[in-house]
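Asks:
Protein chains: 2
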Amino acid sequence: MSTADLGLPVDVPSTALFTDQYELTMLQGALRAGTAGRRSVFEVFTRRLPNGRRYGVVAGTGRVLDAVENFRFDEGVLHFLRERRIVDDRTLEWLAGYRFSGDIWGYPEGEVYFPGSPIMRVEGSFAECVLLETVILSILNHDSAIAAAASRMSSAAGDRPLIEMGARRTHELAAVAAARAAYVGGFSSTSDLAAGFRYNIPTVGTSAHAFTLLHDSERDAFRAQVDSLGGGTTLLVDTYDVAEAVRTAVEVAGPELGAVRIDSGDLLLVAHRVRQQLDELGATGTKILVTSDLDEYAIASLAAAPVDAYGVGTQLVTGSGHPTASMVYKLVARAASTDPRAPLVPVAKKSTGGKTSVGGRKWAARRLDAYGVAEAEVVGTGEVPAELADRQLLVPLVEGGEVIAREPLDVVRDRHAAARAGLPLSATQLSRGEPVIPTEYVHGGSGS
Amino acid sequence: MSTADLGLPVDVPSTALFTDQYELTMLQGALRAGTAGRRSVFEVFTRRLPNGRRYGVVAGTGRVLDAVENFRFDEGVLHFLRERRIVDDRTLEWLAGYRFSGDIWGYPEGEVYFPGSPIMRVEGSFAECVLLETVILSILNHDSAIAAAASRMSSAAGDRPLIEMGARRTHELAAVAAARAAYVGGFSSTSDLAAGFRYNIPTVGTSAHAFTLLHDSERDAFRAQVDSLGGGTTLLVDTYDVAEAVRTAVEVAGPELGAVRIDSGDLLLVAHRVRQQLDELGATGTKILVTSDLDEYAIASLAAAPVDAYGVGTQLVTGSGHPTASMVYKLVARAASTDPRAPLVPVAKKSTGGKTSVGGRKWAARRLDAYGVAEAEVVGTGEVPAELADRQLLVPLVEGGEVIAREPLDVVRDRHAAARAGLPLSATQLSRGEPVIPTEYVHGGSGS
Chain A
4 MSTADLGLPV
14 DVPSTALFTD
24 QYELTMLQGA
34 LRAGTAGRRS
44 VFEVFTRRLP
54 NGRRYGVVAG
64 TGRVLDAVEN
74 FRFDEGVLHF
84 LRERRIVDDR
94 TLEWLAGYRF
104 SGDIWGYPEG
114 EVYFPGSPIM
124 RVEGSFAECV
134 LLETVILSIL
144 NHDSAIAAAA
154 SRMSSAAGDR
164 PLIEMGARRT
174 HELAAVAAAR
184 AAYVGGFSST
194 SDLAAGFRYN
204 IPTVGTSAHA
214 FTLLHDSERD
224 AFRAQVDSLG
234 GGTTLLVDTY
244 DVAEAVRTAV
254 EVAGPELGAV
264 RIDSGDLLLV
274 AHRVRQQLDE
284 LGATGTKILV
294 TSDLDEYAIA
304 SLAAAPVDAY
314 GVGTQLVTGS
324 GHPTASMVYK
334 LVARAASTDP
344 RAPLVPVAKK
354 STGGKTSVGG
364 RKWAARRLDA
374 YGVAEAEVVG
384 TGEVPAELAD
394 RQLLVPLVEG
404 GEVIAREPLD
414 VVRDRHAAAR
424 AGLPLSATQL
434 SRGEPVIPTE
444 YVHGGSGS
Chain B
4 MSTADLGLPV
14 DVPSTALFTD
24 QYELTMLQGA
34 LRAGTAGRRS
44 VFEVFTRRLP
54 NGRRYGVVAG
64 TGRVLDAVEN
74 FRFDEGVLHF
84 LRERRIVDDR
94 TLEWLAGYRF
104 SGDIWGYPEG
114 EVYFPGSPIM
124 RVEGSFAECV
134 LLETVILSIL
144 NHDSAIAAAA
154 SRMSSAAGDR
164 PLIEMGARRT
174 HELAAVAAAR
184 AAYVGGFSST
194 SDLAAGFRYN
204 IPTVGTSAHA
214 FTLLHDSERD
224 AFRAQVDSLG
234 GGTTLLVDTY
244 DVAEAVRTAV
254 EVAGPELGAV
264 RIDSGDLLLV
274 AHRVRQQLDE
284 LGATGTKILV
294 TSDLDEYAIA
304 SLAAAPVDAY
314 GVGTQLVTGS
324 GHPTASMVYK
334 LVARAASTDP
344 RAPLVPVAKK
354 STGGKTSVGG
364 RKWAARRLDA
374 YGVAEAEVVG
384 TGEVPAELAD
394 RQLLVPLVEG
404 GEVIAREPLD
414 VVRDRHAAAR
424 AGLPLSATQL
434 SRGEPVIPTE
444 YVHGGSGS
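Taken in order, these protein sequences are the chains called A and B. Take any residue in the first sequence, count from 1 to its spot, add 3: that is its number in my numbering. Take any residue in the second sequence, count from 1 to its spot, add 3: that is its number in my numbering.
#1: In chain A, which residues lie with their C-beta within 9 angstroms of the C-beta of GLY55 (chain B)?
#2: So does the stretch 227–246 of chain B actually touch the stretch 111–123 of chain A, counting three or more Cβ pairs closer than 8 angstroms?
#3: Which same chain residues end up closer than 8 angstroms to ALA345 (chain B) when comparing Cβ atoms and leaving out the 5 residues on each side of it in sequence?
#4: Give every residue of the same chain whose Cβ lies closer than 6 angstroms to the Cβ of VAL138 (chain B), excluding the five residues on either side of it in the sequence, and list them in chain order.
#5: To the nearest angstrom, how far is the alpha carbon of PRO438 (chain B) from that of LYS290 (chain A)?
#6: Run the CB neighbour count on GLY288 (chain B), radius 10 Å, all protein chains shown included, and call it buried at 16 or more, exposed below.
#7: I want to verify the contact list: residues of chain A whose CB lies under 7 angstroms from the CB of HIS212 (chain B), in sequence order.
#8: How long is the line joining the alpha carbons of GLY63 (chain A) and ARG409 (chain A), rounded to whole angstroms?
#9: Run through the DSSP bridge pairs and tell me what VAL348 (chain A) is partnered with.
#10: Over what stretch of residues does the beta strand (DSSP E) that includes GLU402 (chain A) continue unbroken?
#11: Can you tell me whether DSSP reads PHE45 (chain B) as helix, strand or coil?
#12: Identify whether ILE122 (chain A) lies in helix, strand or coil by the three-state DSSP scheme.
#13: Give a yes or no on whether the minimum CB-CB distance between GLY208 (chain B) and chain E is below 8 angstroms.
#14: In the DSSP output, which residue or residues are listed as bridge partners for TRP108 (chain A)?
#15: Which value, in whole angstroms, describes the spacing of the CA atoms of GLY208 (chain A) and ALA377 (chain A)?
#16: Is the shortest distance between the beta-carbon of GLU380 (chain A) and the beta-carbons of chain B less than 8 angstroms?
#17: Using a cut-off of 8 angstroms between C-beta atoms, extract the partners of HIS275 (chain B) located in chain A.
#18: DSSP state of SER5 (chain A), grouped into three classes?
#19: Below 9 angstroms on C-beta distance, what does ASP195 (chain B) contact in chain A?
#20: From the DSSP output, in three-state form, read off PHE21 (chain B) for me.
#21: Helix, strand or coil, according to DSSP, for SER192 (chain A) in the structure here?
#22: Just reading off the beta strand (DSSP E) that LEU428 (chain B) is part of, what are its end residues?
#23: Curious, which full-length beta strand (DSSP E) runs of at least 3 residues does the stretch 125–165 of chain A contain?
#24: Which residues, in order along the stretch 35–48 of chain A, keep a beta-carbon less than 8 angstroms from a beta-carbon of chain B?
#25: Consult DSSP for LEU284 (chain B) and reduce its assignment to one of helix, strand or coil.
#26: Going by the CB atoms, is the gap between ALA198 (chain B) and ALA130 (chain B) shorter than 8 angstroms?
#27: Which residues mark the beginning and the end of the alpha helix (DSSP H) in which ASP383 (chain B) is found?
#28: Please look up how many angstroms separate the CB atoms of HIS145 (chain A) and ALA99 (chain A), rounded, as I've assumed it's under 8 angstroms.
#29: Could you check whether the stretch 372–389 of chain B touches the stretch 413–426 of chain B, counting it as contact only if at least three pairs of C-beta atoms, one from each stretch, sit closer than 8 angstroms?
#30: Which one of B:GLU247, B:THR294, B:VAL273 has the shortest CA to CA distance from PRO164 (chain B)?
#31: Pick from A:SER128, A:ARG435, A:LEU143: whose alpha carbon is nearest that of TYR464 (chain A)?
#32: Look up GLY314 (chain B) in the DSSP assignment and give the residues it is bridged to.
#33: According to DSSP, is VAL439 (chain B) helix, strand or coil?
#34: So what's THR207 (chain B) in DSSP terms, helix, strand or just coil?
#35: What residue does the beta strand (DSSP E) around ILE291 (chain A) start on, and which one ends it?
#36: Using a C-beta to C-beta distance shorter than 8 angstroms, which residues of chain B count as neighbours of VAL125 (chain A)?
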């Protein structure tokens, strides 16, 4: 894929600078020490879910594949590294030829995860793998945090559609990724045109309070909008007096008015009043969209209200209290020498004070109970027990540097819905709790 | 400035799709209704600071100027809008010629702000101004949230330098903006190479646990790093046993070892022990860098510890609990007709249930007490009182579509330090409280 295919509004000529400097200085040190070529296994995992959350959602995998494919050090980047004396000439020369040539396995995008789940596994020389740490974590930590919030909101919304409207509350490009992650988590559409362009997500939007205020009266504004967008449009009815606005809206658009939007006030109360008023005016098919500071709890509290759709902004793009996942990228095994036949040695940080890891290259499988419901996330090294062989979670994503697992976003979205449906029902309770299934570790014979 | 000058790793051919769809449908409605040309004033402000915060920090202004200059609808974008039938042909034709030709005033970047501060004011036709809502808010809301956290952390750190290390915890491009905002807020450097490239922020970094684990022993790893980066490097000493690592580090690098980094454990305790050990080994000039899950409170709690520098990641890039500012972009005045001589009419949303605004084009000034310390943020419409005339906060940023206020980031950083120093001392207390100065509204005669 050419970098141009990454799409507007941003063309990324290279992802190679989405990198912490220490990755390059480690490379330099390893090249000099003769250890850069040791075969290595890095894994992405999290030690814990955000406090109170029952499951995590893997999102961003597709973006990681794009980033790895476009991780190249062109002349502009090399010039910068040389001029700033970040690494020496030998390292610059090595970087100039960089192409990831290893293998990446991972949980398929949309899958759920738990503490310790080996969400992604990157294998190759130490040199080629160590450089990918930051860009992989940036993407997975951001996108998974948003998708997890989206998933909870979509559980709470049930069959009612959710619109992603948070672009204005986050970095302009994080917003595009957030709209994508929200779609994976179950949202139906986005207000963000860049996300529509880049990922073909359905886009929606009609008008803001400014449109009403621009005109000499609310009636003029509604007339202008209906003239322009037709009677099936959504009119915003809370600029002045809601009841008067609803009356005017139905007068202007007729009882076939598509929808009204309520963006402030006591949504539960206002939605009931507006529904009653619309029905009395004969606009029984007119829908009600609410959009004011919603999160999963507010959505759930409106379950019994006559609301047809939700627009969610701030709380979606900020992960509803958890704007990042805490995934890390750790070396878990490496060869004892650069000999290609050298066996892998499991490695792990061992100091006291937390942040310890489990060494060794891991597999993972989800064990089901007699009813087919997930009962444990089993993570192990060595041989996979026969009874779990067909429940394994990691799939190949990149083979010998070639991306082999691109897939449409709708497939990912459906996978997430299915994965969530396979968890115990309490997974979708919004109340705080432990991970809905435990993680069990199995240490196999071969150790790596 | 050409779009190419926006710099790697991302070339933004256009910012025009960082836009919520409703801005385009409002444009279409206004074009059809004949109201699109009404002179309009939009203002960016926030109704409240994040809960407990004493002041806000304006950041992102420079990025807004880039975004406005590059807000163009090229053929690829127009094709998308046409194909998806987002707007009609007349609107597409209007968009094809879009260049912002109005004026933008704002608080200079780095300045502090309070509830109601008119942080930015955009004036021009309704059509040209309404389109900029999302991209302006995305940038200011994200960058200001990060800068506010950075400012609190730099207050807490005093003279000790702060390193931004959060790229892996946020979207890969949000990370670049976050490093920039952190620098504005008082950080000294970043680990993010893209931020070094794009904004010329000093970059730092040496090694991670993976480098130690790659080698056959900690000693081998330290030797490899010192061979590569010299004895002035920073060695990471908490992979296995800290005391043993410190001893090995000084043996390998000699007492002129630059620094050691501690990334886990009880930092207060470990820092004291490591300092004592270093001193006993004669490495009295070796500095101690700590980097484990720090926020402004943890930094403050280490004030008496023998720590020389702090590296901050997650809590910086997530705004230390407040990952977004709540700035809005509201129409506050517009002409009664498209006649260029038509006077401006103040406008504001008026429904009950919160989210009301103050209409009219505003000025702002910071009133000082007899000691020269800020005592009130005065926001008004109409004439500026003579005694506040030279304390006004808004400066011209764009004039007739031309950006006139680009400035180096160091100027912005110094401005923030000066602005914060001009606040009452309690501004820098970390405890929760009200905004450190009140906002006073003055309604002048002319009303707009």
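Every residue gets a Cβ at the ideal spot worked out from N, C-alpha and C, and that includes glycine. Quantities reported herein were computed from a predicted structural model and do not represent experimental measurements.
Replies: Put simply:
#1: Along the second sequence, one-based indexing puts residue 55 (chain B) at 52. Those do not exist, as GLY55 (chain B) stays about 16 angstroms from chain A at its closest Cβ, beyond 9 angstroms.
#2: no
#3: On the second sequence, position 342 is the one that residue 345 (chain B) refers to. So the list reads ARG41, ARG42, ALA338, ALA339, once near-sequence residues are dropped.
#4: Translated into the one-based positions of the second sequence, residue 138 (chain B) becomes position 135. For VAL138 (chain B), where only same-chain residues beyond five positions count, the Cβ hits under 6 angstroms are THR18, PHE21, ALA70.
#5: For the purposes of this step, residue 438 (chain B) is identified with residue 435 of the second sequence, where counting begins at 1. For the purposes of this step, residue 290 (chain A) is identified with residue 287 of the first sequence, where counting begins at 1. Between PRO438 (chain B) and LYS290 (chain A), the C-alpha separation is close to 41 angstroms.
#6: Here residue 288 (chain B) corresponds to residue number 285 of the second sequence, with the count starting at 1. When all chains shown are included, GLY288 (chain B) counts as exposed.
#7: Taking the first residue of the second sequence as 1, we reach residue 212 (chain B) at position 209. By Cβ distance, chain A contributes LYS352.
#8: Here residue 63 (chain A) corresponds to residue number 60 of the first sequence, with the count starting at 1. Here residue 409 (chain A) corresponds to residue number 406 of the first sequence, with the count starting at 1. Their Cα atoms are separated by approximately 12 angstroms.
#9: Counting from 1 along the first sequence, the entry for residue 348 (chain A) is found at position 345. Paired residues: A:ARG337.
#10: For the purposes of this step, residue 402 (chain A) is identified with residue 399 of the first sequence, where counting begins at 1. Segment 398–402, the beta strand (DSSP E) holding GLU402 (chain A).
#11: Within the second sequence, residue 45 (chain B) is the residue found at index 42, counting from 1. Note: PHE45 (chain B) maps to strand in three-state DSSP.
#12: The sequence position of residue 122 (chain A) within the first sequence is 119, counting from 1. The answer is coil: DSSP assigns ILE122 (chain A) none of H, G, I, E or B.
#13: In the displayed structure, chain E is absent; the protein chains listed are A and B.
#14: Position 105 of the first sequence holds residue 108 (chain A). A:ARG124, A:PRO399.
#15: Locating residue 208 (chain A) in the first sequence gives position 205, counting from the first residue. Locating residue 377 (chain A) in the first sequence gives position 374, counting from the first residue. The alpha-carbon atoms of GLY208 (chain A) and ALA377 (chain A) are separated by roughly 39 angstroms.
#16: For the purposes of this step, residue 380 (chain A) is identified with residue 377 of the first sequence, where counting begins at 1. Cβ-Cβ to chain B under 8 angstroms: no for GLU380 (chain A).
#17: Residue 275 (chain B) sits at position 272 when you count from the first residue of the second sequence. Going along chain A, no residue has its Cβ under 8 angstroms from HIS275 (chain B), so there is no contact; the nearest lies around 14 angstroms.
#18: Translated into positions along the first sequence, residue 5 (chain A) becomes position 2. Any reading at SER5 (chain A) is ruled out, since the residue's pLDDT is 36, under 50, leaving its predicted position unreliable.
#19: For the purposes of this step, residue 195 (chain B) is taken as residue 192 along the second sequence, with counting starting at 1. Per Cβ cutoff of 9 angstroms: LEU20, PHE21, THR22, ASP23, GLN24, THR137.
#20: The residue given as residue 21 (chain B) occupies position 18 in the second sequence. Note: PHE21 (chain B) maps to coil in three-state DSSP.
#21: Counting from 1 along the first sequence, the entry for residue 192 (chain A) is found at position 189. Note: SER192 (chain A) maps to strand in three-state DSSP.
#22: Here residue 428 (chain B) refers to the residue found at position 425 when the second sequence is read from its first residue. Neither: LEU428 (chain B) is in no beta strand (DSSP E) and is coded neither H nor E.
#23: none
#24: ARG35, ALA36, THR38, ARG41, SER43, PHE45
#25: To locate residue 284 (chain B), count along the second sequence from 1; it is residue 281. Coil.
#26: Here residue 130 (chain B) corresponds to residue number 127 of the second sequence, with the count starting at 1. Here residue 198 (chain B) corresponds to residue number 195 of the second sequence, with the count starting at 1. Not a contact, by the Cβ cut-off of 8 angstroms.
#27: Start at 1 with the first residue of the second sequence, and residue 383 (chain B) comes out as number 380. Note that residue 383 (chain B) is Gly in the sequence shown, not Asp. Unbroken run through GLY383 (chain B) is the beta strand (DSSP E), 377–384; no alpha helix (DSSP H).
#28: Start at 1 with the first residue of the first sequence, and residue 145 (chain A) comes out as number 142. Start at 1 with the first residue of the first sequence, and residue 99 (chain A) comes out as number 96. The Cβ separation is near 29 angstroms, so there is no contact.
#29: yes
#30: Position 161 of the second sequence, counted from the start, is the residue given in the question as residue 164 (chain B). When each option's Cα is compared against that of PRO164 (chain B), the closest is B:THR294.
#31: Residue 464 (chain A) cannot be examined here, being either before or after the span of chain A that is shown, 4 to 451.
#32: Here the question's residue 314 (chain B) lines up with position 311 in the second sequence. Looking at the DSSP assignment, GLY314 (chain B) forms a beta bridge with B:ILE166.
#33: Position 436 of the second sequence, counted from the first residue, corresponds to residue 439 (chain B). Of the three classes helix, strand and coil, the one that applies to VAL439 (chain B) here is coil, per DSSP.
#34: For the purposes of this step, residue 207 (chain B) is taken as residue 204 along the second sequence, with counting starting at 1. Position check: residue 207 (chain B) holds Val in this sequence, whereas Thr was assumed. Coil at VAL207 (chain B), not helix or strand.
#35: As a working mapping, residue 291 (chain A) is identified with position 288 in the first sequence. Start and end: 290–293.
#36: For the purposes of this step, residue 125 (chain A) is taken as the residue at position 122 of the first sequence. Within chain B, no residue comes near VAL125 (chain A); the closest Cβ sits about 11 angstroms away, beyond 8 angstroms.
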